[in-house]
Amino acid sequence: MRLPASRPFIRPPTCASRFVLTPQRRWRSEESPQYSLNNYLVTPHELDLALKKNVHSKLSTAPRIIPLCASWYMPNDPKKRTGLQAFKESRIPRARFFDLDAIKDDQSPYPHMLPTPERFAEAMGELGIRRDDSVVVYDSSDLGIFSAPRVAWTLRVFGHPAVHILNNYKLWVDQGYPTESGEPQPVEAVTYPVPTLDSSKVMTFEELKAKLEKRDDPDAEPLQILDARSEGRWKGKEPEPRPGIPSLQCREKPDHAADLHLGLPSGHMPNSINIPFSDLISARTKAFLPADELRMYFELKNVDPKKPIVSSCGTGVTAAVIDAALTEAGYPEEGRRLYDGSWTEYAQRVKPEEKLIFKTGPIKKEEANGKK
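To convert, note that position 65 of the sequence shown is 65 in UniProt numbering; the numbers rise steadily by one, no gaps.
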């Protein structure tokens, strides 16, 4: 499976905005310390200045700035890389590594479900991260922005007070800011308090399915589903990158050889809007597009800030890219949720007779999963 190439977004010469959006770029709760990083997205220059002023000391109890590497690669990565390998090859000095494949719900059959509050607290403590630390998440993906927003979103839904995303590591390296490599220095573990999950930011399969079944009810709450997967996967023309996961038809009817070969079916949820995450990233810098261009893009996609929004993708990773872009574009935080299981859960749990997987193009839209 090929991820779509990032495409630059060209702003039309004139366009009257239909919505008035209030900038929502800051992410700092009342508990947050007074520190020099204010915006959710921070530039390499801003982070470098902040790190120079933030000297770590074992004797100090002052809030610290912690770079957190969240590198993660798709199962079909041509270089067969792992996030830990990338972390050891090149990282920001004093960075710690957040392993998406390890810090998750181990009891779930789906790849990247949120960990329990206890597991999250344990992982943060092992990383030596205190609750009053300011955490700047980044990843070293060739795409520029990929898995960092997922980890930042995870910290936010567990209530960590000060969370940021570096925009981005490629620019950090290209602009000559310091890096290091090799085995990292061990960090001293701390006790991180067990947090409370903000469930208002998370969409479950059961709730999503119930809403989709009422989608034609004029009295039902309107719902916007933004799907970060590639256009080919969204349309059902390209396979999902996890061929080892059998579709529901495979499990119930093993004699369906074609389904067994394809594994997890591609396609999309009813009424979803395809927003490939690469569209939100500059082809030149690999950083997020400027806020005004992100606003324009979402408006052209008819994303209404007054209606609830659910972000989804393959396993809940790049859905967080959409969520971060919405924050940068000034969309309100209230009413925004991320579907944690995303397509990997959805495509396995819906049944063919429910007709909740649609394909476009050569396959007629009304034909759902299992139909040929």
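Quick reminder that beta carbons are idealized off the backbone N, C-alpha and C, glycines included.
Q) What do you get for S199, buried or exposed, if any count of 16 or more other CB atoms within 10 angstroms of its CB means buried? A) exposed
Q. If you draw a straight line from the alpha carbon of K79 to that of R215, how long is it in whole angstroms?
A. 42 Å
Q: Taking only the alpha-carbon atoms, compute the straight-line gap between P193 and K170 and give it to the nearest angstrom.
A: 33 Å
Q.
Considering only the alpha carbon of each residue, which of S147, K286 and T116 lies closest to V321?
A. S147
Q) In the DSSP assignment, what are the bridge partners of C313? A) For C313, which the question treats as bridged, DSSP gives no partner whatsoever.
**Q.** Close Cβ partners of L155 (< 7 Å) along its chain, the five nearest in sequence each way excluded
**A.** V135 and V163
Q: Take P362 and list the residues in its own chain whose beta-carbon comes closer than 6 Å to its own, dropping the five residues that flank it on each side.
A: Legend: pLDDT at P362 = 43, less than 50; position of this residue unreliable, value from coordinates given subsequently. Once the five neighbours on either side are set aside, P362 has no close Cβ partner at all.
Q) What are the complete alpha helix (DSSP H) segments, minimum 4 residues, inside the stretch 261-320? A) 291-300
Q | N-terminal and C-terminal residue of the alpha helix (DSSP H) that S134 is part of | A | No alpha helix (DSSP H) contains S134, which is instead part of the beta strand (DSSP E) from S134 to Y138.
Q.
Could you pull the DSSP bridge partners for R96 from this structure?
A. L68
Q: Measure the C-alpha to C-alpha separation of E354 and K88 and round it to an integer number of angstroms.
A: 47 Å
Q: Measure the alpha-carbon distance for F158 versus Y73 and round it to whole angstroms.
A: 24 Å
Q: State the start and end residues of the unbroken alpha helix (DSSP H) segment that holds H45.
A: P44 to K53
Q) CB S230 to CB P276, shorter than 8 Å? A) yes
**Q.** For E213: DSSP bridge partner residues
**A.** None; E213 has no bridge partner.
Q. Among all the DSSP beta bridges, which residues are the ones paired with R336?
A. I309
Q: Kindly indicate which residue of P67, M124 and T360 has the alpha-carbon position closest to the one of E238.
A: T360
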